[in-house]
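Number of protein chains: 2
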Amino acid sequence: MTDTNPTAALLIIGNEILSGRTQDKNLNHIALQLNERGIRFMESRVIADIHEDIIEAVNILRARYSYVFTTGGIGPTHDDITTECIAKAFNVEVVEQPDAINRMQSYYDERGQEMTPARRRMACTPKGAVLIDNPITLAPGYRMENVFVMAGIPKIMQAMLESIMPLLEKGQLMHSQEIVANVSESAIASYLSDVQNRYPDTEIGSYPFNNDGRYGVSVVIRTTDKSALAEAAEAVKTLLRQHGDLVG
Amino acid sequence: MTDTNPTAALLIIGNEILSGRTQDKNLNHIALQLNERGIRFMESRVIADIHEDIIEAVNILRARYSYVFTTGGIGPTHDDITTECIAKAFNVEVVEQPDAINRMQSYYDERGQEMTPARRRMACTPKGAVLIDNPITLAPGYRMENVFVMAGIPKIMQAMLESIMPLLEKGQLMHSQEIVANVSESAIASYLSDVQNRYPDTEIGSYPFNNDGRYGVSVVIRTTDKSALAEAAEAVKTLLRQHGDLVG
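Sequence order for the protein chains is A and B.
Residue 214 in my numbering sits at position 221 of the first sequence; the count goes up by one each step and never skips.
Residue 225 in my numbering sits at position 232 of the second sequence; the count goes up by one each step and never skips.
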């Protein structure tokens, strides 16, 4: 299978983000990792711990993008409903994974602790899922077709993602260059639009900023074509120099 | 109009979030503000600067929730496409807003600067929109029915949100209590589930943490019913004390 333009979406399952209690720290990390592998990160959603909402979002996103990542909701408590929702989305049952059970059993045996039903729950996945190693705690993540189900705790999510990345199709790398100048964005807007039109294979983004009362603009050029990047960057620099000074 | 359970969604329009260049800082602020007004924050999406994607998301979200907030894409440059997309979503044209034009005209006149087409663009909204004041820079946000279109720069977004909040229907306030203990989440999971079943009008969330190698769990109870909150909190405290010590 060769997919030259693999795409991805992230589904953050978490009441705690929507209530404002917690700030998500996973999106940015996943964005940077996907970028390094040339996978286009197209969309991210945060949704509540509601069965129908999770099932619907999983089914929409997995049909639309090459890969879907989910974070959150795979722990042992009653509010961890991701696995039952993924199973429903794929129309399969939830089953125990013998490998995970064995590993957890010996872990708890060693510590003289019980393998409670709640702990067994963390060894369950939708039928057909392939486990994703969790080197930090015991509860694994898993892959179900193009859907990768990960923990929400950043450190664990990052470890899982590291083992997932080599499994993903590589896409064309996106090269980028940032050019910063102390000019007003609205002063250069129409000229910048001309540059964008001259280099249609690049994506030119313009981000105004205000650092301690000093206004300026950061122009970011992104493209898979290195020579287009160099040419567009020259054009942007020339334009910005006509209206102010480059910074950095 | 009385809507006792107003809901809301946030649409973050921004390639720069998906590329990993920028970390969103608006979601958490909006979450906390909505919470204070008793409005249920149900969903947030980050999408790319792609016309069809923006139009589709706006139409889905505005049909589903009482209020939709968008951030990003209302500046003067070619990559600011939010306004034309909102207009298409509502099937109206983009028009200049005389009030905004006048204010900008006198601002630029005072400074001997030109009212360029790019600057005029920031005074444009979909036909029928009501302006939202921007006390920091000149370019206004706007309301189009139940959709509130705001700037992406956090300081400006926050100022716009402040003037929007009094316009929104109040919902039932969600009260919450957090109880932290140094117990393993999997040890209390089944008992916590019993507590949840006994207090169905509360939402009990369980969040494990690891601070410098010390594992513990934070249990958050949320409900609009103050007496249910007090009772459920007592039950959770009793449960956690049976398995470890409360923290704080």
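Ideal Cβ placement from N, Cα and C applies to all residues, glycine included.
Small disclaimer: the values here were computed from a predicted structure and weren't measured.
Original post:
In the segment 206 to 223 of chain B, which residues sit with their C-beta less than 8 Å from some C-beta in chain A, listed in chain order?
Top reply: Val213 and Arg215
**OP:** Using the Cα positions of Ile23 (chain A) and Ser99 (chain B), report the straight-line distance between them to the nearest angstrom.
**Re:** Taking the first sequence and counting its residues from 1, the one referred to as residue 23 (chain A) is at position 30. Taking the second sequence and counting its residues from 1, the one referred to as residue 99 (chain B) is at position 106. If you take the alpha carbons of Ile23 (chain A) and Ser99 (chain B), they lie about 45 Å apart.
**OP:** Leaving aside the five residues before and after Leu185 (chain B) along the sequence, list all residues of the same chain whose C-beta is less than 8 Å from its C-beta, in chain order.
**Re:** Taking the second sequence and counting its residues from 1, one reaches residue 185 (chain B) at position 192. Correct list, in chain order: Ile197, Ser199, Val212, Val229 and Leu232.
Original post:
Can the beta-carbon of Gly237 (chain B) be found closer than 9 Å to that of Gly206 (chain B)?
Top reply: Indexing the second sequence from 1 puts residue 237 (chain B) at position 244. Indexing the second sequence from 1 puts residue 206 (chain B) at position 213. Result no, Cβ atoms of Gly237 (chain B) and Gly206 (chain B) do not sit closer than 9 Å.
Original post:
Of all the CB atoms in chain A, is at least one closer than 9 Å to the CB of Met(-6) (chain B)?
Top reply: Taking the first residue of the second sequence as 1, we reach residue -6 (chain B) at position 1. Interpretation of Met(-6) (chain B) is limited by its pLDDT of 44, a score under 50 that renders its predicted location unreliable; no figure is taken from the coordinates.
**OP:** Spell out a yes or no on whether the segment 63 to 77 of chain B and the segment 102 to 119 of chain B are touching, meaning 3 or more CB-CB pairs, one atom from each, closer than 8 Å.
**Re:** yes
Subject >> Neighbour-count burial assignment, Ser12 (chain A), 16 or more Cβ in a 10 Å radius >> reply: Counting from 1 along the first sequence, the entry for residue 12 (chain A) is found at position 19. It is buried - the Cβ of Ser12 (chain A) has at least 16 other Cβ atoms within 10 Å.
**OP:** Taking only heavy atoms of the ligand GTP into account, decide whether any of them is closer than 8 Å to the Cβ of Leu124 (chain A).
**Re:** The ligand GTP is not part of this structure, which contains no ligands at all.
**OP:** Indicate the three-state DSSP secondary structure (helix, strand or coil) for His264 (chain A) in the structure shown.
**Re:** Nothing about residue 264 (chain A) can be read from this structure; chain A reaches only from -6 to 241.
Original post:
If you drop the 5 nearest sequence neighbours on each side, which residues of the same chain put their C-beta closer than 6 Å to that of Cys78 (chain B)?
Top reply: If you number the second sequence from 1, residue 78 (chain B) lands on position 85. So the qualifying residues of the chain are His44, Ile47 and Ile48.
Original post:
With DSSP run on the structure shown, which of helix, strand or coil describes Thr23 (chain A)?
Top reply: As a first step, residue 23 (chain A) is located in the first sequence; it is residue number 30 there, counting from the start. The sequence given here has Ile at residue 23 (chain A), not Thr. Reduced to three states, the DSSP call for Ile23 (chain A) is helix.
Original post:
Looking only at C-alpha atoms, which of A:Phe141, A:Arg33, A:Pro119 and A:Asp102 sits nearest to Val85 (chain A)?
Top reply: For this step, residue 85 (chain A) is matched to residue 92 along the first sequence. Nearest option by C-alpha distance: A:Pro119.
Original post:
Can you tell me whether DSSP reads His71 (chain A) as helix, strand or coil?
Top reply: Position 78 of the first sequence, counted from the first residue, corresponds to residue 71 (chain A). In this structure, His71 (chain A) counts as coil in the three-state DSSP scheme.
**OP:** Taking the CB atoms as reference points, tell me whether Met143 (chain A) and Thr63 (chain A) lie closer together than 9 Å.
**Re:** By one-based count along the first sequence, residue 143 (chain A) stands at place 150. By one-based count along the first sequence, residue 63 (chain A) stands at place 70. Yes, Cβ-Cβ distance for Met143 (chain A) and Thr63 (chain A) is below 9 Å.
Original post:
For Ile74 (chain A) versus Leu20 (chain B), is the C-beta spacing smaller than 9 Å?
Top reply: Reading the first sequence from its first residue, position 81 is the one you call residue 74 (chain A). Reading the second sequence from its first residue, position 27 is the one you call residue 20 (chain B). No. Outside cutoff.
Subject >> 6 Å CB neighbourhood of Pro(-1) (chain B) in its chain, flanking five on each side removed >> reply: In the second sequence, the residue the question calls residue -1 (chain B) occupies position 6. These residues qualify, in order along the chain: Ile32, Ser59, Glu162 and Gly164.
Subject >> Pairwise C-alpha distance: Pro91 (chain A) and Thr56 (chain B) >> reply: As a working note, residue 56 (chain B) is residue 63 in the second sequence. As a working note, residue 91 (chain A) is residue 98 in the first sequence. Position check: residue 56 (chain B) holds Ala in this sequence, whereas Thr was assumed. For Ala56 (chain B) and Pro91 (chain A), the distance between alpha carbons rounds to 45 Å.
Subject >> Arg136 (chain A) beta carbon less than 9 Å from that of Ile157 (chain A) >> reply: Here the question's residue 157 (chain A) lines up with position 164 in the first sequence. Here the question's residue 136 (chain A) lines up with position 143 in the first sequence. Yes; because the gap between Cβ atoms is below 9 Å, this pair is in contact.
Original post:
At a Cβ threshold of 9 Å, is Phe34 (chain A) touching chain B?
Top reply: Sequence index remark: in the first sequence, residue 34 (chain A) carries index 41 (1-based). With 9 Å as the cut-off, Phe34 (chain A) counts as an interface residue toward chain B.
**OP:** Give the C-beta separation of Met153 (chain B) and Ile172 (chain B) to the nearest angstrom, bearing in mind that I take them to be a contact with Cβ-Cβ under 8 Å.
**Re:** If you number the second sequence from 1, residue 153 (chain B) lands on position 160. If you number the second sequence from 1, residue 172 (chain B) lands on position 179. Not confirmed; about 36 Å, so no contact.
**OP:** Just mark Phe202 (chain A) as buried or exposed, buried being the case when its beta carbon has 16 or more other beta carbons within 10 Å.
**Re:** Here residue 202 (chain A) corresponds to residue number 209 of the first sequence, with the count starting at 1. Exposed is the call here.
**OP:** Consider the Cβ of Ser59 (chain A): report whether some Cβ of chain B lies at a distance smaller than 9 Å.
**Re:** As a first step, residue 59 (chain A) must be located in the first sequence, where it is residue number 66. Ser59 (chain A) does not count as touching chain B.
Original post:
Using a Cβ-Cβ distance under 9 Å, would Gly237 (chain B) count as near chain A?
Top reply: Position 244 of the second sequence, counted from the start, is the residue given in the question as residue 237 (chain B). No, its Cβ sits nowhere closer than 9 Å to a Cβ of chain A.
Subject >> Burial state of Thr(-5) (chain A) (16 or more Cβ within 10 Å) >> reply: As a position in the first sequence, residue -5 (chain A) is number 2, starting the count at 1. Its pLDDT being 47, under 50, Thr(-5) (chain A) is placed unreliably in this model, and the coordinates cannot settle the point.
Original post:
In the structure shown, what three-state DSSP assignment does Met(-6) (chain A) receive?
Top reply: If you number the first sequence from 1, residue -6 (chain A) lands on position 1. Reliability fails at Met(-6) (chain A), whose pLDDT of 44 lies under 50, so the model's placement of it is uncertain and the value that follows must be treated cautiously. Coil.
Subject >> Ala50 (chain B) versus Lys219 (chain A) - alpha carbon distance >> reply: Residue 50 (chain B) sits at position 57 when you count from the first residue of the second sequence. Residue 219 (chain A) sits at position 226 when you count from the first residue of the first sequence. Each residue's Cα considered, the two are about 33 Å apart.
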